[in-house]
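Chains A and B are the protein sequences, given in the same order. Take the first sequence: its letter number 136 is residue 119 in my numbering, and every next letter is one higher. Take the second sequence: its letter number 216 is residue 199 in my numbering, and every next letter is one higher.
2 protein chains.
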Amino acid sequence: MTREILDTSPAPNGDKPTLRSLAEATGFSIATISRALADDPRIATKTRAKVAAAAAAAGYVPDRAARRLRTGRTQVVTLLLNTEHEFLGFTHEFLSGITEALRGTGYSVNVVPDHVGEDRLQPVRNILRNHLADGILFTRTEAFDPRVRLLMENDFPFVSHGRTEFTTPHPYVDFDNEAFARIAVARLVERGRNRLSLILPEDRFTFTQHLRYGFLSAAREAGVDHEIVAGVTLDSSAAEIATAMRDGRSSDTPPDGYVCVGEVTALVTLSALADSGAVLGRDADIFAKRASPIFDNIRPRIETVYEDLRETGHKMAEMLLRRMAGDKPEGLTHILMPDFERLHHS
Amino acid sequence: MTREILDTSPAPNGDKPTLRSLAEATGFSIATISRALADDPRIATKTRAKVAAAAAAAGYVPDRAARRLRTGRTQVVTLLLNTEHEFLGFTHEFLSGITEALRGTGYSVNVVPDHVGEDRLQPVRNILRNHLADGILFTRTEAFDPRVRLLMENDFPFVSHGRTEFTTPHPYVDFDNEAFARIAVARLVERGRNRLSLILPEDRFTFTQHLRYGFLSAAREAGVDHEIVAGVTLDSSAAEIATAMRDGRSSDTPPDGYVCVGEVTALVTLSALADSGAVLGRDADIFAKRASPIFDNIRPRIETVYEDLRETGHKMAEMLLRRMAGDKPEGLTHILMPDFERLHHS
DNA sequence: AACCGGATTTATAACGTTTTAATTCTGTCA
DNA sequence: TGACAGAATTAAAACGTTATAAATCCGGTT
């Protein structure tokens, strides 16, 4: 009878160690146990040691729900992840970097889809309103990204992948896309190319401007012809990009140097060249940015530079940890440089 | 004075609607509000309507921490994700499928790294012990996967990507790798190839056995020579695979038909062929499985079949939802077939 | 010997839910 | 008129934590 009544407690409990069970085991009160585990100096050192031992013996782990309810802290980091387009391998490397940095910190990663076409603010509002996370990471940052504005207004910890043009500083990790574009132009010009072509991402993203500026100014400085392909972006389908490429090839003066910001674009360019009878190295050259090792095995070989997304994710998560711990946003920025070395990434 | 004391509540609250605030607003008790929102038939229909209206007006959303503490349900699904190796695009497509299926269900995805080299059981134990999720998804399933055993013992909801050889049924989604291997062999043989070669994943994974069986039996039936490359697996570094490939090419009777289970292997094979002076279509052919659209733009073209990982993730999440809702594991299995159609995946 | 102050400890009230057991309302029937 | 069953509501406890405010303890003074 009695056991039936007791049995109705919501969590079967079993024997999960809790502050209460530790209190009973050690003879101290729940409050003392709690403080001792937090290493509160008001608790006698000897007591703290005893409690720590008991906790270890019982394998005590604080209940996240209870702590969260009481403190309002979730111990969760949300990643707003674009699930439409991907830079090959982006998601994998990026996410791996994040989980790696968060390992052992007690924080876990929560993935929420971010659709560029829809309202990008909605998931953020949801997180803010219901305190669904202690911090946010996101990608594909826009020049005046509304998410950045909203999060700054609420003084909510976040790190963006990519800069913005807001004057107030905020934590970010970015790749130096301007430097990439300049390097790409320089290398192609060195090879004697003088009609350069570039396909940009959508205008809204900040890095699009960096790429444009780097490409245009380097090309002007070098005094070579150059074009930014119209009507198509990095996120266009492979088929659309292929069509645009073919159109370009059939011009009287087709480009002879291609700067490719993504792997898909690079492959499409490569196949468009092959399909139009042009020979790489003779009729044109390609310089591409890549995030995965596959280009080591693409033939003909093309020159590439590596964007380390694992490192990017790692750095972003580290910064977010600091920000959540209360650090001021000021110093928390990092810019990764194009990497020439990483040629034989396993 | 008084306001200072009131101000010490841990969550600033602000004006976040809660059961209590709804109770005050409507004049009903907290218990009634709770039941009304759950559509409990014991509450008068009129009352339920009033409460629903008030909740909607206030934009009430139940507090996850409180509900979790009370009920023990987390509303979280954990994905054990391999962060070492990746099938190109695997993570992105798979994760997208999962989040898509979970959209609007109130469940969120939590990503926890799974290192095949280390103890794969540890994250699972952690989740079970501390009730960190209501369900688990994982990949790279082994024939007698200890995670499956542990989860079944605890009657904890999960869906594996890949089958096991346990006799007790459990939910899974798998790709028909045996069919893939048979098709690959058949196509290569049709093209007149009679010395086939295959690089397998590590032996521990169930799908390795399916691939092996499909390959060996199809090759025997067709009466062609065949080999499974020794000393190297799908997860070996590109460099190691390349070396093995080159060794194979320099034999007296090099293979003339390659079955490639992953994209990296296919690209390495392609580059090894090119580097050794062999011409695709004349000296050898490749048949590959792919999970991303890039092969449309690889030249020379190779024949491929598509494994839809977005669909895989979607199905797995759907099944997990059913399982968490209490469905029996019996019917919850699904096997995806190799897809020939998906040639121009955007 | 009573007392004081700093060092330790503890009772207790939240945090926002769900749910058991009890209570209050209805209208009906004797 | 009063009792009563059924419908509708509610008080209160609990989930496991943290933190406020109050209560003990102890050695050293007066």
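All C-beta atoms, glycine included, are put in the ideal place defined by N, C-alpha and C. Since the model is a prediction, treat every value here as computed from it, not as a measurement.
- Around the beta carbon of T287(B), a 10 Å sphere encloses 16 or more other beta carbons of the protein chains shown; the residue is thus reported as buried.
- The alpha-carbon separation between T248(B) and A169(B) amounts to approximately 20 angstroms.
- Residue burial annotation: K298(B) is buried, with at least 16 other C-beta atoms found within 10 angstroms of its C-beta.
- Of all residues in the stretch 274 to 297 of chain B, only S275, P276, I277, D279, N280, I281, R282 place a beta-carbon less than 8 angstroms from a beta-carbon of chain A.
- The beta-carbon separation of L71(A) and I277(B), rounded to 7 angstroms, stays under the 8 angstroms limit for a contact.
- T287(A): not part of any alpha helix (DSSP H); member of the beta strand (DSSP E) spanning 286 to 289, first to last residue.
- Chain A places a beta carbon closer than 8 angstroms to that of V95(B), counting this residue as a contact.
- Closest option to D218(B), judged by alpha-carbon separation, among G231(B), G206(B), R187(B), D208(B): R187(B).
- Between G118(B) and chain A, the shortest Cβ-Cβ separation is not below 8 angstroms.
- According to the DSSP secondary-structure assignment, V244(A) is paired through a beta bridge with no residue.
- Between G296(B) and the set I318(B), D310(B), V262(B), the nearest pair of CA atoms involves I318(B).
- Cβ atoms of A227(B) and V215(B) come within 8 angstroms of each other, at about 4 angstroms.
- In terms of CA proximity to T1(B), R47(B) leads the group P24(B), R47(B), R25(B), T28(B).
- According to DSSP, residue pairing for K272(B) in a beta bridge involves V288(B).
- Within chain B, the residues N280 have their CB atoms less than 8 angstroms from the CB of V251(A), given in chain order.
- Boundaries of the beta strand (DSSP E) around Y155(B): 155 to 158.
- Proximity of chain A to G260(B) at the Cβ level (cut-off 9 angstroms) is not reached, the minimal Cβ distance being about 12 angstroms.
- In the DSSP assignment, H317(A) falls within the beta strand (DSSP E) that extends over 316 to 319.
- Shown here, P45(A) sits in coil according to DSSP, grouped into three states, outside any helix or strand.
- In this structure, the CA atom of E210(B) is about 14 angstroms from the CA atom of L171(B).
- Of the candidates K29(A), V212(A), A300(A), A300(A) places its Cα closest to the Cα of T88(A).
- What N160(B) touches in chain A, judged by beta-carbon distance under 9 angstroms, is nothing: the nearest beta carbon there is about 21 angstroms away.
- Taking 8 angstroms as the Cβ-Cβ cut-off, the stretch 72 to 95 of chain A approaches chain B at G72, F73, T74, H75, L78, S79, T82, E83, R86, S91, V92, N93, V94, V95, given in chain order.
- By DSSP's assignment, I119(B) forms a beta bridge with T61(B), F141(B).
- Neighbourhood of L52(B) in chain A, by CB distance below 7 angstroms: A48, A49, L52, in chain order.
- For the 8 angstroms CB-CB criterion, E246(A) and F158(A) do not form a contact.
- Collapsing the DSSP output to three states places E173(A) in a helix.
- The stretch 131 to 151 of chain A makes contact with the stretch 97 to 113 of chain A: 3 or more CB pairs, one atom from each, lie closer than 8 angstroms.
- Residues of chain A with a Cβ closer than 9 angstroms to the Cβ of S234(B) do not exist, since the nearest Cβ in that chain sits about 21 angstroms away.
- The alpha carbon of E294(B) has as its nearest neighbour, out of R282(B), N280(B), A271(B), M320(B), the alpha carbon of M320(B).
- Under the Cβ criterion of 8 angstroms, A6(A) is not counted among the residues facing chain B.
- Taking C-alpha positions only, Y196(A) is separated from N160(A) by approximately 9 angstroms.
- By the criterion of a C-beta distance shorter than 7 angstroms, V92(B) is surrounded in its chain by V60, L62, I81, T82, L85, once the five residues flanking it on both sides are discounted.
- Assignment of S91(B) by DSSP, reduced to helix, strand and coil, places it in the strand class.
- Within chain B, no C-beta atom comes less than 8 angstroms from the C-beta of N137(A); the nearest is roughly 11 angstroms away.
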